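Taken in order, the sequence shown gives residues 1 to 269; the numbers are from the UniProt record's numbering.
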Amino acid sequence: MTSFRPGLCSVTFRKLAPRTIVRLAAECGIEGIEWAGDVHVLPGQFDLARHVRRLTESAGLAVVSYGSYIAPPSDDDEAFATVLETAQALGAPNIRIWPGVRNRDSATYSADERKHTAALIRRMARRAAEASVTLGLEYHPNSLTDDLASAQALMAEIDDPNVFLYWQPRPGLPLAEALDELRAIGHETSHVHVFAWDKDKARYPLSDQRAYWIDILSNAPATRWPGDRFAMLEFVRDDSPEQFRADAAVFHRMLEEAGERPSGAARSL
1 MTSFRPGLCS VTFRKLAPRT IVRLAAECGI EGIEWAGDVH VLPGQFDLAR
51 HVRRLTESAG LAVVSYGSYI APPSDDDEAF ATVLETAQAL GAPNIRIWPG
101 VRNRDSATYS ADERKHTAAL IRRMARRAAE ASVTLGLEYH PNSLTDDLAS
151 AQALMAEIDD PNVFLYWQPR PGLPLAEALD ELRAIGHETS HVHVFAWDKD
201 KARYPLSDQR AYWIDILSNA PATRWPGDRF AMLEFVRDDS PEQFRADAAV
251 FHRMLEEAGE RPSGAARSL
């Protein structure tokens, strides 16, 4: 396994200002933030990006990633250029992108559509590499990474060392299936999104799924990702800062236990 640092996706708190999010994260021992590109730092808001970077770094936190919602092939090279410039102003070493048209199932793509999308992502990756920025593909339902086979095929089609996968389980995914999936694709992954949902997307306290996540994180395989890995809390029950405080306390204990447990020692199957 590899160790994870505690992080937060700012999209968890859409209604809070960046300054408030930074204070809350620092209070709760979070070490890095992925800033959302659809609410907190929109593409092209370069001055705001620099301001948010200063807020984050002044609190002793890392800017983990720019959580963009750019979605090739819906978005092209020109759109990505703006996203990349925004990420640089933010001081983000990574850009998260959405692979494929948003809310479209991977099974509906033709071979030519997949090839076109992969080529576009590859061009974006080369442009990002010139700026020393990596790309991370969202691993999400209704995208080209909505199941293991499609994600593996897409990564093979892109075939670029500057492209990595985020990972998160589909809501309600049984532990055994989650572990099998992570073992199969884990060497391609960078960061992990952590949440406590069921298959109907109802949200719960992280303590309700603590054992599930300890098993997952303790069994995360070695990866080609060159930097620090973050497990990032994403969404909490009722979007509540108080729930986040409670979840963060559980999160720290969870990461500590996952780091101490030998790989392969899953207990919740």
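Where is the CB? At the ideal position from N, CA and C, for every residue including glycine.
Predicted model, so just to flag it, every value in this text is computed and none were measured.
If M254 sits next to G7, beta carbons under 8 angstroms apart, how far is it from one beta carbon to the other, in whole angstroms? Between G7 and M254 the Cβ distance is about 13 angstroms, and since that is not below 8 angstroms, they are no contact.
Option in G186, D247, R237 and T117 with minimal Cα separation from R210: Minimum Cα distance to R210 is reached at D247.
Taking three-plus beta-carbon pairs below 8 angstroms as touching, is the region 171-181 in contact with the region 119-138? For the pair of segments examined, the region 171-181 was found not to touch the region 119-138: the number of CB pairs separated by less than 8 angstroms stays below three.
Beta-carbon within less than 6 angstroms of M124's beta-carbon, same chain only, minus the 5 sequence neighbours each way: which residues are those? Apart from sequence neighbours up to five positions away, the residues of its chain that approach M124 with a beta-carbon distance below 6 angstroms are F80, ordered along the chain.
Whole runs of the beta strand (DSSP E) within the region 5-33, excluding any shorter than 3 residues: 5-9, all fully within the region 5-33.
Local conformation of L135 per DSSP, three classes: L135 falls in the strand class under three-state DSSP.
Once DSSP output is grouped into helix, strand and coil, what is the label at R253? Reduced to three states, the DSSP call for R253 is helix.
Under 8 angstroms: do the region 223-240 and the region 8-16 share three or more Cβ pairs, one atom per stretch? Touching, yes, given that three or more Cβ pairs across the two stretches are closer than 8 angstroms.
Please name the residue or residues paired with A81 in a DSSP beta bridge. When DSSP reads this structure, A81 sits in no beta bridge, so it has no partner.
If you pair each beta-carbon of the region 86-94 with each one of the region 54-65, do three or more pairs fall below 8 angstroms? The count of Cβ pairs closer than 8 angstroms, one atom from the region 86-94 and one from the region 54-65, reaches three, so the stretches are in contact.
My guess is that D228 and R5 are in contact by the Cβ rule of under 8 angstroms, so how many angstroms apart are they, rounded? D228 to R5, Cβ: 6 angstroms. Contact.
For N219, which beta-bridge partners are listed by DSSP? Among the bridge pairs identified by DSSP, N219 is matched with none.
Candidates A128, T20, R104 and H252, of which the one nearest N162 by Cα: That would be A128, whose Cα lies nearest to the Cα of N162.
4 or more residues per run - each alpha helix (DSSP H) lying fully within the region 39-103: With a minimum length of 4 residues, the continuous alpha helix (DSSP H) runs that stay inside the region 39-103 are 46-58 and 77-90.
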